[in-house]
Amino acid sequence: MSSAIQYITILGSTGSIGVNTLRVIAEHPQRYRIFALTANTSADVLFTQCVQFTPQYAVLADEQAAEALGRKLKAAGVSTEVLHGVDALALVASAAEVDTVMAAIVGGAGLPPTLAAAKSGKKVLLANKEALVMAGDLFLEIAAENHAKILPIDSEHNAIFQCLPVNSQARFDHCPKAGFSKIVLTASGGPFLDTPLADLMQVTPQQACKHPNWKMGQKISVDSATLVNKALELIEASYLFATPSRDIDIVIHPQSIVHSMVYFTDGSVLAQLGNPDMRTPIAYGLAWPERISSGVSQLDLTALGRLDFLPPDTSRFPGLELGRTVAESRGTAPVIFNAANEIAVAAFLTGQAGFTQIPVIIDAVLQKLGSGTIDCLEHVMETDKLARRVAIECLH
Ligand code: NAD
Ligand code: MG
């Protein structure tokens, strides 16, 4: 075991990934200490986490909420300093004391602090797939230039990473293909895999967020129900593993036990299996290249009895094909795709749009804005802003 204690910042510590990260860390107090915890608005959960993990810093989006948290922590005798705002997120992601940053903010809001972590050469545990979908190769180039290590936490990408030969893992800033011929991303198919198509128009946010295998935040749960999540993952995999989207297949695997596979040129196929629990990829990312216990129960294959694999039904999930086209175009298209999806999902969750409108809105924004090349991060941010504006117009 490496002897030095690792200092960790968790961006989005109150969310599903954040909480699971803290659960793994709590099992290994001799290895990890928390440097900073951050949340958008969940001050009460952040307070409890600060009492348990006594980080140096806690960050909230809102100034008044941060002041209130600071007073509460002081009264409880906890010395954590409370900051607020976007710049504070970047600060705690790039501080010299920090070894590892868990990027677990949901959506494009996670991009600036995740980039700050990459720019300062941290080990970045990347759950926030939207950041990579938006900034793509620019993000990976910044990471490589600054010797940041990007370890994928998304279970599929973590599985692929685990299946790669160790020498190509070690150089994993832009992974060479290392003898693999294709990647297969597995997808559970979400809660509406067998729902009659005519009923999809009426499904509620509550139904959409009830994922059969994973307990996740609301946005990714809706993405999993539309399979836009798999489209985002296709783009994510194409950037991370420097692989064209035509060499990435998607297979429906309702049990979520095989987390993804790599096909090699000699006919071998390597897969990573495990119970569907994000503590496994989180523990892998935290300890890489070592392994630590995650608290996840052992897989019992005989209890499962069978594993099923089916081709995806693209008429049921039009977002998937849209994502494939976008992954092929790269440039501005993934930025537009992601931004339009974020607006459409937020509208669905607040009752302003129906479930089946989500891919329709994404398609409309893509059509309206066309696709182009991206040359700098400012261009990414401008494209993101524009696509959000156009998506909002499409709602009315
Ligand atoms: P979540 O909604 O449960 O948590 C999101 C976290 O981000 C919270 O701590 C929230 O306070 C914070 N946050 C939200 N908006 C913010 C903003 N504008 N500024 C600062 N902080 C903000 O989400 P989650 O399910 O934990 O997912 C987090 C990320 O990980 C997403 O990108 C998701 O796609 C990815 N991911 C999640 C899972 C999973 O099992 N939950 C699996 C794979 C990938
Ligand atoms: Mg995933």
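The sequence shown begins at 0 in numbering that gives the first Met the number 0 and counts up by one. Just so you know, even glycine gets a beta-carbon here, dropped at the ideal spot from N, CA and C.
- Per DSSP, the beta bridge partners of S259 are Q271.
- Between the alpha carbons of A363 and S78 lies a gap of roughly 50 Å.
- Excluding sequence positions up to five before and after V85, its CB lies within less than 7 Å of the CB of P111, all in the same chain and listed in chain order.
- Between E155 and E232, the gap from beta carbon to beta carbon is short of 8 Å.
- From the listed residues A286, V359, A89, the smallest Cα separation to N340 is found for V359.
- Contact residues of the ligand MG (beta-carbon closer than 6 Å to any heavy atom; chain order) are D153, S154, E155, E232.
- Taken atom to atom, the span from the alpha-carbon of V18 to that of N145 is near 29 Å.
- Three or more beta-carbon pairs drawn from the segment 317-332 and the segment 225-245 are found closer than 8 Å, and the two stretches are therefore classed as touching.
- For I149, the enclosing beta strand (DSSP E) has its first and last residue at 148-151.
- As the crow flies, the alpha-carbon of K384 is around 8 Å from that of A338.
- The alpha-carbon of I357 is positioned some 43 Å away from that of P28.
- Going by DSSP, F179 is part of the beta strand (DSSP E) stretching over 179-186.
- Proximity of the beta carbon of I342 to the ligand NAD is not indicated: no heavy atom of the ligand is located closer than 7 Å.
- Excluding five sequence positions before and after D246, the CB atoms of its chain that fall closer than 8 Å to its own CB belong to S180, K181, I182, given in chain order.
- Between W213 and P275, the beta carbon gap of about 6 Å places them in contact (Cβ cut-off 8 Å).
- Proximity to L45 across E66, M277, H258 peaks at E66, based on C-alpha coordinates.
- Straight-line measurement puts the Cα of L150 at about 22 Å from the Cα of A38.
- Rounded to the nearest angstrom, the gap between the Cα atoms of Y283 and H395 is 45 Å.
- Residue side-chain check: M277 places its Cβ nearer than 7 Å to a non-hydrogen atom of the ligand NAD.
- Within the segment 53-131, the beta strand (DSSP E) runs of at least 3 residues that lie entirely inside it are, in chain order, 56-59, 80-83, 99-102, 122-125.
- The three-state reading of DSSP puts V250 in strand, counting E and B together.
- Note that the C-beta distance between R22 and R290 is not below 8 Å.
- Contact holds between the segment 88-108 and the segment 4-18, because three or more Cβ pairs, one in each stretch, are under 8 Å apart.
- Exposed is the label assigned to T47, since fewer than 16 other Cβ atoms lie within 10 Å of its Cβ.
- In the DSSP assignment, A38 falls within the unbroken beta strand (DSSP E) covering 31-38.
- Judged by DSSP in its simplified three-state form, T349 adopts coil rather than helix or strand.
- Ranking E129, A126, A115 by CA distance to the CA of I141 puts A115 first.
- Rounded to the nearest angstrom, the gap between the Cα atoms of V250 and L124 is 25 Å.
- Inclusion of V91 and A35 in the CB contact set at 8 Å is warranted, their separation being smaller than that value.
- In this structure, L309 sits away from L272, with a CB-CB distance that is not shorter than 8 Å.
- Of the candidates R315, L68, T382, R315 places its Cα closest to the Cα of A197.
- In this structure, the alpha-carbon of D193 lies about 45 Å from that of G120.
- Bounds of the beta strand (DSSP E) holding Q5 are 5-10.
- In summary, V389 is buried, with 16 or more beta-carbon neighbours lying within 10 Å of its beta-carbon over all protein chains present.
- Proximity to V132 across A60, A143, A147, D153 peaks at D153, based on C-alpha coordinates.
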